[in-house]
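Visitor: For the protein sequence lines, the chains are A and B, in the order given. Letter by letter, the first sequence follows residues 6 to 525 of the working numbering. Letter by letter, the second sequence follows residues 38 to 223 of the working numbering.
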Amino acid sequence: MGDHHHGPAKGLSRWLFTTNHKDIGTMYLWFSFAMFILGGAFAMIIRAELFQPGMQLVEPAFFNQMTTLHGLVMVFGAIMPSFVGLANWMIPMMIGAPDMALPRMNNWSFWILPPAFLILASTLFMEGGAPAFGWTFYAPLSTTYAPPSVTFFIFSIHVLGMSSIMGAINIIATVMNMRAPGMTYMKMPLFVWTWLITAFLLVAVMPVLAGAVTMMLMDIHFGTSFFSAAGGGDPVLFQHVFWFFGHPEVYIIILPAFGVVSQIIPTFARKPLFGYDSMVYATASIAFLSFIVWAHHMYTVGMPVAGELFFMYATMLIAVPTGVKVFNWVTTMWRGAMTFETPMLFCMGFLVLFTIGGFTGLMLSIAPADFQYHDSYFVVAHFHYVMVAGAVFSMSAAVYYWLPKWCGKMYSETMGKTHFWISFIGFNITFFPQHFVGLAGMPRRIPDYALQFADFNMMSSIGAFIYGASQILFLYNVIATIVSGKPTDKEKVWEGAEGLEWTVATPAPYHTFERPPAVR
Amino acid sequence: MLKVSRNPVVDTVAKLVVTAVAMFAFVFVVMVPLYNVLCDALGINGKTSGEAYTSVQAGVDETRMVTIQFVATNNEGMPWEFGPSVNSMKVHPGASNDTVFHASNPLPDAMVAQAIPSISPSRAAAYFHKTECFCFNQQPLDGESSAEMPLQFIVDRDLPQDIHTITLSYTIFDVTDMVRGAVAAR
Chain A
6 MGDHHHGPAK
16 GLSRWLFTTN
26 HKDIGTMYLW
36 FSFAMFILGG
46 AFAMIIRAEL
56 FQPGMQLVEP
66 AFFNQMTTLH
76 GLVMVFGAIM
86 PSFVGLANWM
96 IPMMIGAPDM
106 ALPRMNNWSF
116 WILPPAFLIL
126 ASTLFMEGGA
136 PAFGWTFYAP
146 LSTTYAPPSV
156 TFFIFSIHVL
166 GMSSIMGAIN
176 IIATVMNMRA
186 PGMTYMKMPL
196 FVWTWLITAF
206 LLVAVMPVLA
216 GAVTMMLMDI
226 HFGTSFFSAA
236 GGGDPVLFQH
246 VFWFFGHPEV
256 YIIILPAFGV
266 VSQIIPTFAR
276 KPLFGYDSMV
286 YATASIAFLS
296 FIVWAHHMYT
306 VGMPVAGELF
316 FMYATMLIAV
326 PTGVKVFNWV
336 TTMWRGAMTF
346 ETPMLFCMGF
356 LVLFTIGGFT
366 GLMLSIAPAD
376 FQYHDSYFVV
386 AHFHYVMVAG
396 AVFSMSAAVY
406 YWLPKWCGKM
416 YSETMGKTHF
426 WISFIGFNIT
436 FFPQHFVGLA
446 GMPRRIPDYA
456 LQFADFNMMS
466 SIGAFIYGAS
476 QILFLYNVIA
486 TIVSGKPTDK
496 EKVWEGAEGL
506 EWTVATPAPY
516 HTFERPPAVR
Chain B
38 MLKVSRNPVV
48 DTVAKLVVTA
58 VAMFAFVFVV
68 MVPLYNVLCD
78 ALGINGKTSG
88 EAYTSVQAGV
98 DETRMVTIQF
108 VATNNEGMPW
118 EFGPSVNSMK
128 VHPGASNDTV
138 FHASNPLPDA
148 MVAQAIPSIS
158 PSRAAAYFHK
168 TECFCFNQQP
178 LDGESSAEMP
188 LQFIVDRDLP
198 QDIHTITLSY
208 TIFDVTDMVR
218 GAVAAR
């Protein structure tokens, strides 16, 4: 056996051929940030068009391409890979493992992602334009009426789906087999727990998404009629298959965010997490329930009343484990010796705004009320409260929290707090008014709107530009920290932090835990 | 190492790969057939059985009248003239009834059409039995010709008492390309 204590290879080949979990985590994080900027640019075009009523800047067909690509890039390119990157960096360090269980597959699962998104982005320059059928790509919009580029879209979904499945398999294999001696399941940090459950969701539903796009491919090119009524198929079947994937998918996005928040709040409240066991069971319950609520996305397709009732009650049931989690986070802070560094601010922002998103979710779960809310800006406001203020805020918190451990430099607290407050204010100016225009009847995914919605839409657009600009500040903060941050070599960067990742040197060496640590 | 032990990581990965493949297969072998079976059995989406009804009803319920309305719609781009010969009829549950739909092809070329039925209220779908229907088969028609398409049906005696009107809607699709195996115009 050779010498294990070597550093990284030099130059480009380090990144191309690396099997190091920290390198791959870093690449995932940078890639997801690039996609976040790209998806954000699409959102800015949407908001610029909606700044005033009437057709302002872009053609309606291009507007539809923007809403579609914004959703696809943000969900599959920004949020999911960012949490996979975080898992790569942190899970081995949190469970005392030297690396991921399958380092070569880890390299592969990252490197097939950029080509997938290159293919997706290239559809913008194809004849007929990019996919314009919404990120939910309902048939027959995405089959009979789709632009020719839909075939490239299908291929790109297949590739990124494979990447997600490989990443998930790697995480499960790591957590189940590579824990340090003494690290029992019920001693694992909550971030590891939430990711373990998320990975099982991914293995279960990403193949369903692959099945859905495969059926589209066959309908378009091979003469089958899965979704075509003329040949005996049914377009509504598409919605069932899609949301059977789609609802677990939203928990795939939010559960790792729950894990991050469960790591950070105890640190800055200087108290252990309240109700660790109940957090684990709540996460598992949410994961289970996610499989039996999918049709609440399609109350208006004409389901039997019994079906509407079942999906309504099952959906409302999710509020129970989610409520347990919010209760536990608040109780962790109760009478804690709290300080408000940037990661904590983002977590508290998460807590407040995610809870608002949860409440609007409860409103949407009520089948009779949903007939009014369906496909309106109320839905847009709801899922941006849980996706942006939920997933993206917690991701920002995670970056500020672990960045000193990753690079051995402290970020500027002033700049971090500035980023938080501009994000928080910009986010709320963007999305809070959308609740009102939605309830008043403004439909989503339309490039024009009735005059009475003009003021709130202008507010939304101004907020979106503020929020977008604050992410440039985020990029600046991260680069400034890496280049010229104040060096730190404290193993425990945060006074109240607990966990194995805080027992290794700062910055984290290229190889950690080559000998398993002792877990008390 | 002397003892050859199975690598637990390989075990875990094997199980997960099998799960992923099984979930992919699940979409095709379970979700799609199950959806169709449930729709047929429960009349979801107003779907009716695609096969002729062959059972015998236990006599006609003369005490009750149900109004059957016929609706015909052309799917986008379908040039045929298509419609029922009567817009509605009153029938007794249990009795066998006949009507015809007209179709004519105004174009010079031969075409093939497929009519897709739907029942409203969808609750009634399970009680509306077709013993003969043009929708069971595709309908070829030469250029500039027309046809009478027969429909024979029985309303079930067990139709819920609160249903007085059933609407039977047909949408007619141009399936000429599909039949010829050609890839749709793209």
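Glycine is no exception: its CB is placed at the ideal position from the N, C-alpha and C atoms.
Can you find a CB in chain A that lies within less than 7 angstroms of the CB of A140(B)?
Guide: Not an interface residue.
Visitor: Considering only DSSP beta bridges, list what T209(B) is partnered with.
Guide: Looking at the sequence itself, residue 209(B) is Ile, so the reference to Thr does not match. Per DSSP, N111(B) and A152(B).
Visitor: Does DSSP put V393(A) in a helix, a strand or coil?
Guide: Helix.
Visitor: Please give me, in chain order, every unbroken run of the alpha helix (DSSP H) with length at least 4 that falls completely inside the region 424–493 of chain A.
Guide: Here the runs fully enclosed are 459–489.
Visitor: Relative to chain B, which residues along the region 171–183 of chain A have a C-beta separation below 9 angstroms, given in chain order?
Guide: Correct list: A173, I174, N175, I177, A178, T179, M181, N182 and M183.
Visitor: For the alpha helix (DSSP H) that G120(B) lies in, which residues bound it at each end?
Guide: Counting along the chain, G120(B) falls outside any alpha helix (DSSP H), though it belongs to the beta strand (DSSP E) covering E118 to P121.
Visitor: What residue from N462(A), F115(A) and W334(A) has the CA that sits closest to T272(A)'s CA?
Guide: Among N462(A), F115(A) and W334(A), the Cα nearest to that of T272(A) is on W334(A).
Visitor: According to DSSP, is T136(B) part of a helix, a strand, or is it coil?
Guide: The answer is strand: DSSP assigns T136(B) an E or B state.
Visitor: If the cut is a Cβ gap below 7 angstroms, which residues of chain B does V208(A) touch?
Guide: L53, T56 and A57, listed in chain order.
Visitor: For W299(A), which residues of its own chain have a beta-carbon under 6 angstroms away from its beta-carbon, when the five flanking residues on both sides are left out?
Guide: Closer than 6 angstroms at Cβ, skipping near neighbours: W248, F249 and H252.
Visitor: Tell me whether M223(A), by its Cβ, gets closer than 6 angstroms to a heavy atom of the ligand ZN.
Guide: Absence of the ligand ZN is noted for the structure shown, with no ligands found whatsoever.
Visitor: Does DSSP put S157(B) in a helix, a strand or coil?
Guide: DSSP places S157(B) in strand when its eight states are reduced to three.
Visitor: Return the chain-ordered list of same chain residues with a C-beta closer than 8 angstroms to the C-beta of P13(A), the five sequence neighbours on each side being excluded.
Guide: Excluding sequence neighbours, P13(A) sits near R19, T23, N25, D28 and Y515.
Visitor: Can you check whether the CB of A106(A) is closer than 7 angstroms to the CB of P522(A)?
Guide: Contact flag unset, no.
Visitor: Just the chain A side, please: which residues come within less than 7 angstroms of L178(B) by C-beta, in chain order?
Guide: Going along chain A, no residue has its Cβ under 7 angstroms from L178(B), so there is no contact; the nearest lies around 15 angstroms.
Visitor: In the structure shown, what three-state DSSP assignment does K52(B) receive?
Guide: Helix at K52(B).
Visitor: Mind checking which residues open and close the beta strand (DSSP E) that includes K497(A)?
Guide: Per DSSP, K497(A) belongs to no beta strand (DSSP E) and is neither H nor E.
Visitor: Quick check: what's the CA-CA separation for S161(A) versus A121(A)?
Guide: Looking at the two C-alpha atoms, the distance is approximately 5 angstroms.
Visitor: Using Cβ-Cβ distances below 8 angstroms, what residues of the region 245–259 of chain A are close to chain B?
Guide: Under the 8 angstroms Cβ criterion, the region 245–259 of chain A contributes H245, V246 and F249.
Visitor: Could you tell me whether any Cβ in chain A is nearer than 7 angstroms to the Cβ of F173(B)?
Guide: Judged by the 7 angstroms Cβ criterion, F173(B) is not in contact with chain A.
Visitor: So, T199(A) versus G280(A), is the Cβ gap smaller than 7 angstroms?
Guide: No, the pair does not count as a contact, with Cβ atoms beyond the cut-off.
Visitor: Taking Cβ to Cβ, would you say M32(A) is nearer than 7 angstroms to M110(A)?
Guide: Cβ atoms of M32(A) and M110(A): not closer than 7 angstroms.
Visitor: How would you label K15(A), buried or exposed, when you count the other beta carbons within 10 angstroms and need 16 or more for buried?
Guide: Classification for K15(A): exposed.
Visitor: Would you call the region 89–100 of chain B and the region 65–72 of chain B touching, i.e. three or more CB-CB distances under 8 angstroms?
Guide: Counting Cβ pairs under 8 angstroms, fewer than three are found: no touch.
Visitor: For chain A, find out if any of its Cβ atoms is closer than 7 angstroms to the Cβ of T126(B); answer yes or no.
Guide: Reading off the sequence, residue 126(B) comes out as Met, not Thr. Cβ-Cβ to chain A under 7 angstroms: no for M126(B).
Visitor: What did DSSP end up calling N124(B) once you bin it into helix, strand or coil?
Guide: Three-state result, N124(B): coil.
Visitor: Taking L91(A) as the query, report the chain E residues whose CB atoms sit under 9 angstroms from its CB, ordered along the chain.
Guide: Structure shown: chain E not included; protein chains present are A and B.
Visitor: Among all the DSSP beta bridges, which residues are the ones paired with S141(B)?
Guide: S141(B) pairs with E118(B) and S183(B).
Visitor: Is Q70(A) closer than 7 angstroms to G134(A) when the C-beta atoms are compared?
Guide: Yes. Within cutoff.
Visitor: Can you tell me whether K491(A) is buried or exposed? The criterion is at least 16 other CB atoms within 10 Å of its CB, across all chains shown.
Guide: When all chains shown are included, K491(A) counts as exposed.
Visitor: Are the region 413–426 of chain A and the region 377–394 of chain A touching by the rule of at least three beta carbon pairs closer than 8 angstroms?
Guide: Result no; under three Cβ-Cβ pairs closer than 8 angstroms.
Visitor: Since S367(A) and H424(A) are thought to touch, with beta carbons under 8 angstroms apart, how far apart are those beta carbons, to the nearest angstrom?
Guide: As written in the sequence, residue 367(A) is Leu, which differs from the Ser given in the question. Not quite, the Cβ-Cβ distance comes to about 31 angstroms (not below 8 angstroms), so this is no contact.
Visitor: Should D48(B) go down as buried or exposed, given a rule of 16 or more other Cβ atoms within 10 Å for buried?
Guide: D48(B) comes out exposed.
Visitor: Would you say V213(A) faces chain B, with C-beta separation under 7 angstroms as the test?
Guide: So, interface residue.
Visitor: Report yes or no: do three or more beta-carbon pairs, one from the region 191–210 of chain B and one from the region 150–164 of chain B, lie closer than 8 angstroms?
Guide: In short, these stretches touch, since the Cβ pair count reaches three.
Visitor: Give me whichever residues DSSP pairs with M415(A) in a beta bridge.
Guide: DSSP output for M415(A) lists K491(A) as bridge partner(s).
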